[in-house]
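Here the structure is laid out as structure tokens; the discussion comes afterwards.
Residue numbers (this note's numbering): -19 to 236.
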């Protein structure tokens, strides 16, 4: 059992939890909690850490459904590693999906496809909710610009409730070029926008569709909005101008 916070494994996990740059460099990320741990595919699990109390009370094989050799740490050490106020006692280091958006899209030049494209989403809870909703609505993937919050941020991974492992999320450094590319493969791109002429409910959607959703405060940039085939609006009552970004994305995704 590891009892020192100076242990190299402990320091490495703490770095992955707190440092997005380290996560990108190493291709690893950490998730915490029984629910999300039970969703991890075997090929993505690199290492599992348990608090001594958790290890004494749980059969780890029942959580994963496959064999793993967990590292047990003291309760004090686990609290140091954890990102939560009241840790459950299980934390896993996982391998990131290294496939790129280009790789993904090359295999999907024809047939039905549903994409959610994000620009500048900043709130981890919003991104996590969008990922979870995308799975529920049957969307295939999410593509985001590099100004969008890191999908492997612990607050994002927690709020996905495991959907992170089933809905791929890709980051691109040129969102405009990506939109041009998918339009050339017959994907119709709709941008959620206050200046949309039609309600999202009045559109007849085809088999190949992408929705654009922008930053919580500023919405979509003019340059990205201009790349869409059509601007669509969400009708508002009262004095509201817009909805929360995750709510707007949910309405759009469930309209198909």
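We put the CB at the ideal spot given by N, CA and C, even for glycine. No experiment lies behind these values; they were computed from the predicted model shown.
- Per the C-alpha coordinates, the member of 22, 155 and 64 positioned closest to residue -2 is 64.
- The shortest CA-to-CA distance from residue 132 to any of 111, 116 and 120 is the one to 111.
- Proximity to residue 94 across 24, 170 and 48 peaks at 170, based on C-alpha coordinates.
- In the structure shown, residue 11 adopts extended strand secondary structure according to DSSP, grouped into three states.
- In the three-state scheme derived from DSSP, where H, G and I count as helix and E and B as strand, residue 31 is classed as strand.
- Between residue 226 and residue 109, the C-beta gap is smaller than 8 angstroms, which places the two residues in contact.
- Beta-bridge partners assigned by DSSP to residue 170: 191 and 210.
- DSSP places residue 69 in the coil class of the three-state scheme, outside both helix and strand.
- 8 angstroms or more divides the Cβ of residue 54 from the Cβ of residue -6.
- Residue 23 counts as exposed, since fewer than 16 other C-beta atoms from the protein chains shown sit within 10 angstroms of its C-beta.
- Contact between the stretch 165 to 181 and the stretch 197 to 215 is present: three or more C-beta pairs spanning the two stretches fall below 8 angstroms.
- Per the coordinates, the alpha-carbon of residue 113 lies some 8 angstroms from the alpha-carbon of residue 233.
- Below 8 angstroms, too few C-beta pairs join the stretch 78 to 89 and the stretch 18 to 32 to call them touching: fewer than three.
- By the C-beta density criterion, residue 106 is buried, having at least 16 other C-beta atoms within 10 angstroms.
- Remark: C-beta atoms of residue 69 and residue 30 approach each other more closely than 8 angstroms.
- For the pair residue 76 and residue 145, the Cα-to-Cα distance works out to about 10 angstroms.
- Residue pairing by DSSP places residue 199 opposite 195 in a beta bridge.
- In this structure, the beta-carbon distance from residue 209 to residue 138 does not fall below 8 angstroms.
- For residue 79, the closest of -14, 48, 147 and 58 by C-alpha to C-alpha distance is 147.
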